[in-house]
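Visitor: To start, I am sharing the structure in question, which I have written as structure tokens.
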Amino acid sequence: MNIRLDKYLADSGNGTRSEVKLLIRSGSVLVNGKIEKDPGRKINTDSDKVSCKGVDTSFEEFEYFVLNKPAGVVTATRDKTTGTVMDIIKTSRRRDLFPVGRLDKDTEGLLLITNDGQLSHRLLAPGKHVDKGYLAMVSGVLPSDAAQQFEKGVDIGDDELTAPATLKTVLDDDSLDVYFDGKEIPGTVKVHIVITEGRYHQIKRMFEALGCRVEYLKRISMGTLVLDKGLAVGDYRELKAEELKGLGII
Ligand code: URA
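The sequence shown maps to residues 70 to 319 in our numbering.
What follows is the structure, encoded as structure tokens:
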């Protein structure tokens, strides 16, 4: 890929576009060992060697992180009053990252953060029907045919019923139970839900339609991506090569 030197430096974490322009003009940037003072100089990201203030740079067009989102932070790139999921990602070099889809402020769990708009579209576009797995603790009396109602589609007040979804009870000896981190909420049942849509407050509204209330919600999977059981709430990591393959990226 060929891009301008100022964009290359900004995208590889060396400052804003205007900051890196100043660095370039001050003679702090070398391209293939020679001082380059033109911010518009085209850089071949595969073959040119760029250093900034004596430090070699490396360029990644896309970055991919999986975050175990904690409750209490909003899924947005910016918020005037509250912390956002982007404040948690400290090791990114890119400034154009965004969360793929949205979890409510009080929802925990798997959130993909990237600057790859095409991947985001592939995962979120309504026609793609990507599975999203959630664990919930639900209060109220869960009807005995709740799973069948989820399968048939639930009226949550939209024009159309929800698309078929699966609902299963999570038992204490279930391999999914570990995701609850030992949390127990008296008077609730633990359930695993898989939906293929991403409507506003969808899981909460589906349970409301059944006369129940979601007291705790955590996403554990999105397409082929599965939240690691060992990734603590509030921690994040870069995606591994096999996960990128699973998502069709490499
Ligand atoms: N459904 C919800 O109700 N909330 C979320 O955060 C995600 C799915």
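We treat Cβ as the ideally placed atom computed from N, Cα and C, and that holds for glycine.
Can you give the beta carbon distance from residue 188 to residue 288, rounded, assuming they're within the 8 angstroms contact cut?
Guide: 17 angstroms between Cβ atoms; not a contact.
Visitor: Does DSSP put residue 88 in a helix, a strand or coil?
Guide: Three-state DSSP puts residue 88 in a helix.
Visitor: So does residue 225 have its beta carbon nearer than 7 angstroms to some heavy atom of the ligand URA?
Guide: Not under cutoff, so the answer is no.
Visitor: Name all residues in chain order for which at least one heavy atom of the ligand FMN lies closer than 5 angstroms to the residue's CB.
Guide: The ligand FMN is absent from the structure shown, which contains only the ligand URA.
Visitor: Please state if the CB of residue 137 and the CB of residue 186 are separated by a distance shorter than 8 angstroms.
Guide: No. Outside cutoff.
Visitor: Would you identify the three-state DSSP class for residue 305, choosing helix, strand or coil?
Guide: Residue 305 falls in the strand class under three-state DSSP.
Visitor: Residue 202 lies in the beta strand (DSSP E); which residues open and close that run?
Guide: Per DSSP, residue 202 belongs to the beta strand (DSSP E) from 201–208.
Visitor: If we require 4 or more residues per run, which alpha helix (DSSP H) segments fall completely within the stretch 270–301?
Guide: Counting whole runs of 4 or more residues, the stretch 270–301 contains the alpha helix (DSSP H) stretches 271–278.
Visitor: What does a CB cutoff of less than 8 angstroms around residue 294 pick up in its chain, not counting 5 residues either side in sequence?
Guide: Hits under 8 angstroms: 135, 179, 181, 308, 312, 315, 316.
Visitor: Can you tell which of 108, 264, 278, 212 has its C-alpha closest to the C-alpha of residue 227?
Guide: It is 278.
Visitor: With a threshold of 8 angstroms, are at least 3 pairs of Cβ atoms found where one atom belongs to the stretch 248–264 and the other to the stretch 199–206?
Guide: Yes, since at least three Cβ pairs between the stretch 248–264 and the stretch 199–206 fall closer than 8 angstroms, the two stretches touch.
Visitor: Is it buried or exposed, residue 202, if we count other Cβ atoms within 10 angstroms and call 16 or more buried?
Guide: Buried, because 16 or more other Cβ atoms sit within 10 Å of the Cβ of residue 202.
Visitor: Taking C-alpha atoms, which residue in 256, 292, 236 lies nearest to residue 191?
Guide: Considering only alpha carbons, the answer is 292.
Visitor: Please say whether residue 154 and residue 169 have beta carbons closer to each other than 8 angstroms?
Guide: No, the pair does not count as a contact, with Cβ atoms beyond the cut-off.
Visitor: Just to confirm the assignment: which complete alpha helix (DSSP H) runs, minimum length 4, are found wholly within the stretch 107–138?
Guide: The stretch 107–138 contains no whole alpha helix (DSSP H) run of 4 or more residues.
Visitor: Name the two residues that bound the continuous beta strand (DSSP E) containing residue 178.
Guide: Start and end: 177–183.
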